[in-house]
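Numbering (my numbering), first residue to last: -17 to 407.
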Ligand code: S3P
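So, in structure tokens, the structure goes:
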């Protein structure tokens, strides 16, 4: 379904958002292969986490929801059951890549598949390292889903990652849980470290020194009870809206501020956004309350080394840059081409339609800021983050805009429009 978006004066309010999608996938999966019960609060009611839950339920894990708490009856490291049918993961790349690592250690054969979008996503990046661990795994035409996997006893490896990818790293670490000996991973640049933190929290034998992670396999994990912090990737849309719309002020409670993930915070500070973090706490992940006020922003250059920590926020960052004084250069964002859609293309074409001056040079995005964007006919390309980023751009534009498809936001943030309505009321 489409919708019309009218410009808005400001965003104001104090919100709690649903739990972080990346962290939730890991909490659910690790809970499923831990011993005993795991109780999770604030798991988002989003499509992708639903696919992870359904997949594990199909493999014999009892997962239920009681008064907002997700309860998982863990079956131990090798306790999953053969699904008996292909495991359908919708468009969730994270579910597919991470589950491949867990299936590497189960004693059965499984097929991982998904929707037409997921069938186009690259999987060689996860198939190759798992193969080198001795896992019997293959992908269609060596690259795309379905993935066919026969679990067994993975071998510990030393792996130097060619690209920083938290999903690939997570899959190798999960497979490493089943290996005898130490699996070591070296990353070119540190990607989000949610898997490492969550594994340690559940009792895995894991060490991290800079960009090198070592995991000794063979140790059973123990179920945990905790609350998932709010998703910085969802928060980023309201942070951007508040910074761009005059007279805005919002507070978002208990958000992930993990530096490997929340690179958007220092980047926005550098651009001049008035953003303050309070009530910092270090649970199994660092969290804090984020307060943002409308701000005058300026363009900056963002290095390729920063890219992994802002990769999902580049669409909304490009929107802020389009309304900032001067030039913003975002380097090293080639991975955006293989997300749910080619996000370099989806963001560039939409922002150009709104009158922005935005160009691509290889893996670099160059945006010259303007005083104003104008309303336009916007396309989501079926991509949740493009839809949400362009909705925020439309709030700050002159004249009304239309968005062709708003249903896709349910992939990560089904309550996006309701929350936005409450904040702009
Ligand atoms: C994710 C890692 C990132 C990110 C994706 C979620 C994760 O992808 O873009 O939305 O939860 O591990 P890559 O692992 O491909 O970098």
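Glycine residues also receive a C-beta, built at the ideal position from the N, C-alpha and C atoms.
Apart from the five residues on each side of it in sequence, which residues of its chain come closer than 7 angstroms, Cβ to Cβ, to residue i?
i: residue 132; result: 91, 118
i: residue 29; result: 72, 392, 393
i: residue 46; result: 53
i: residue 261; result: 270, 271
i: residue 37; result: 69, 71, 77, 81
i: residue 44; result: 55
i: residue 157; result: 83, 86, 87, 112, 115, 117, 136
Please list, in chain order, all residues of the same chain as residue i whose beta carbon is under 8 angstroms from its beta carbon, the five residues on each side excluded.
i: residue 217; result: -1, 234, 237, 272
i: residue -17; result: 387, 388, 389
i: residue 211; result: 1, 2, 5, 24, 236, 237, 238, 265, 267, 269
Does DSSP put residue i in a helix, in a strand, or in coil?
i: residue 181; result: helix
i: residue 393; result: helix
i: residue -8; result: coil
i: residue 341; result: strand
i: residue 260; result: strand
i: residue 287; result: helix
i: residue 1; result: strand
i: residue 137; result: strand
i: residue 372; result: helix
i: residue 187; result: strand
i: residue 162; result: strand
i: residue 362; result: coil
i: residue 309; result: strand
i: residue 401; result: helix
i: residue 298; result: helix
i: residue 380; result: strand
i: residue 328; result: helix
i: residue 168; result: strand
i: residue 348; result: strand
i: residue 367; result: helix
Are there 16 or more other CB atoms within 10 angstroms of the CB of residue i, so buried, or fewer, so exposed?
i: residue -14; result: exposed
i: residue 175; result: buried
i: residue 3; result: buried
i: residue 178; result: buried
i: residue 213; result: buried
i: residue 374; result: buried
i: residue 365; result: buried
i: residue 124; result: exposed
i: residue 401; result: buried
i: residue 223; result: buried
i: residue 325; result: buried
i: residue 170; result: exposed
i: residue 295; result: buried
i: residue 241; result: exposed
i: residue 57; result: buried
Apart from the five residues just before and just after residue i, which ones in its own chain have a Cβ nearer than 6 angstroms to its Cβ?
i: residue 108; result: 79, 82, 150, 153
i: residue 164; result: 138, 196, 198
i: residue 288; result: 245
i: residue 363; result: 323, 328
i: residue 348; result: 311, 341
i: residue 182; result: 188
i: residue 360; result: 332, 372, 383, 385
i: residue 75; result: 103
i: residue 64; result: 90
i: residue 51; result: 21, 23
i: residue 215; result: 294
i: residue 457; result: For the chain, the structure presents residues -17 to 407; residue 457 sits outside this window and is missing.
i: residue 314; result: 286, 289, 345
Using only the heavy atoms of the ligand S3P, determine whether one of them is closer than 7 angstroms to the beta carbon of residue i.
i: residue 294; result: yes
i: residue 148; result: yes
i: residue 152; result: yes
i: residue 275; result: no
i: residue 169; result: no
i: residue 325; result: no
i: residue 173; result: yes
i: residue -8; result: no
i: residue 76; result: yes
i: residue 317; result: yes
i: residue 142; result: no
i: residue 7; result: yes
i: residue 4; result: yes
Taking 7 angstroms as the cut-off, is the beta-carbon of residue i closer than that to any non-hydrogen atom of the ligand PLP?
i: residue 321; result: Among the ligands in the structure shown, the ligand PLP does not appear; only the ligand S3P can be found there.
Q) Can you list, in chain order, the stretches of the alpha helix (DSSP H) that have 4 or more residues and sit fully within the region 4 to 54? A) 29 to 40
Q: Taking only runs that begin and end inside the region 50 to 127, name each unbroken beta strand (DSSP E) of 3 or more residues, in chain order.
A: 51 to 57, 91 to 95, 118 to 122
**Q.** In chain order, each alpha helix (DSSP H) run of at least 4 residues that lies wholly inside the region 193 to 277
**A.** 214 to 226, 246 to 252
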